[in-house]
């Protein structure tokens with residue numbers, strides 16, 4: 035499964051039964067970055083009734099947390115988080131700020147409102163796929179270098195660097211999801227003594 039993050043911070047505002055919901059989503063790469071963003075939002079919207087938040091970090095969305103920030107349990111942080119997860123997002127943090135308009139929304143209404151705020155913000159957001167890149171460094175003789183590069187190129191590898199001295203040193207990169215064939219090829223050549231893995 036592919037995961038996605040944002041290119042830049044986006045914000046939208048919606049009104050539901052006189053309450054204002056301001057959704058702000060930001061790309062982050064660590065939990066500390068997410069927490070710093072939440073502090074910024076709390077400072078910017080210090081007069082708001084609630085600044086509810088969630089974050090997801092990791093190449094595969096493996097680390098996540100959310101907070102209802104004073105709203106009834108499960109009505110804010112969880113819907114924010116679940117909406118981001120539904121879109122396979124990671125390395126993102128989201129704050130939905132609420133200015134209470136005097137009309138209570140009820141449990142279902144709150145869940146729908148916080149989810150809708152995130153959805154509206156994602157509609158205007160530029161997303162990009164999170165790609166984990168692996169690097170392979172090998173050393174081999176001149177006689178085999180051209181064949182090796184030709185085969186590696188056909189296995190989704192990109193040439194990062196070539197160093198020609200008494201031997202040829204080559205650095206390749208490849209998307210992790212596409213790297214199995216290349217990794218097996220290099221391992222096989224190493225076992226045969228055709229190249230040395232650096």
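In this note's numbering, the protein residues as written are 35 to 232. Cβ coordinates follow ideal geometry from the N, Cα and C atoms, glycine included.
### Message
Cutting at 7 Å between CB atoms, please list the residues of its own chain near residue 228, excluding the five before and the five after it.
### Response
174, 178
### Message
What would DSSP say about residue 72, mapped onto helix, strand or coil?
### Response
helix
### Query
If residue 111 sits next to residue 88, beta carbons under 8 Å apart, how far is it from one beta carbon to the other, in whole angstroms?
5 Å
### Message
I'd like to confirm the pairing. Which residues does DSSP put opposite residue 99 in its beta bridges?
### Response
89
### Buried/exposed call for residue 107, threshold 16 Cβ in 10 Å
exposed
### Query
Relative to the C-alpha of residue 210, which residue among 38, 184, 93, 125 is closest?
93
### Task
State the start and end residues of the unbroken beta strand (DSSP E) segment that holds residue 38.
38-40
### Query
So what's residue 207 in DSSP terms, helix, strand or just coil?
strand
### Cα-Cα separation between residue 62 and residue 185, rounded to whole angstroms
37 Å
#### Entry: N- and C-terminal bounds of the beta strand (DSSP E) containing residue 170
167-174
#### Entry: Cβ separation of residue 58 and residue 75, assumed to be a contact under 8 Å, to the nearest whole Å
6 Å
### Query
Terminal residues of the continuous alpha helix (DSSP H) containing residue 151?
140-157
### Query
Taking all protein chains shown into account, do 16 or more other C-beta atoms lie within 10 angstroms of the C-beta of residue 102, making it buried, or fewer, making it exposed?
buried
### Message
Among 216, 169, 72, 95, whose alpha-carbon lies nearest the alpha-carbon of residue 84?
### Response
72
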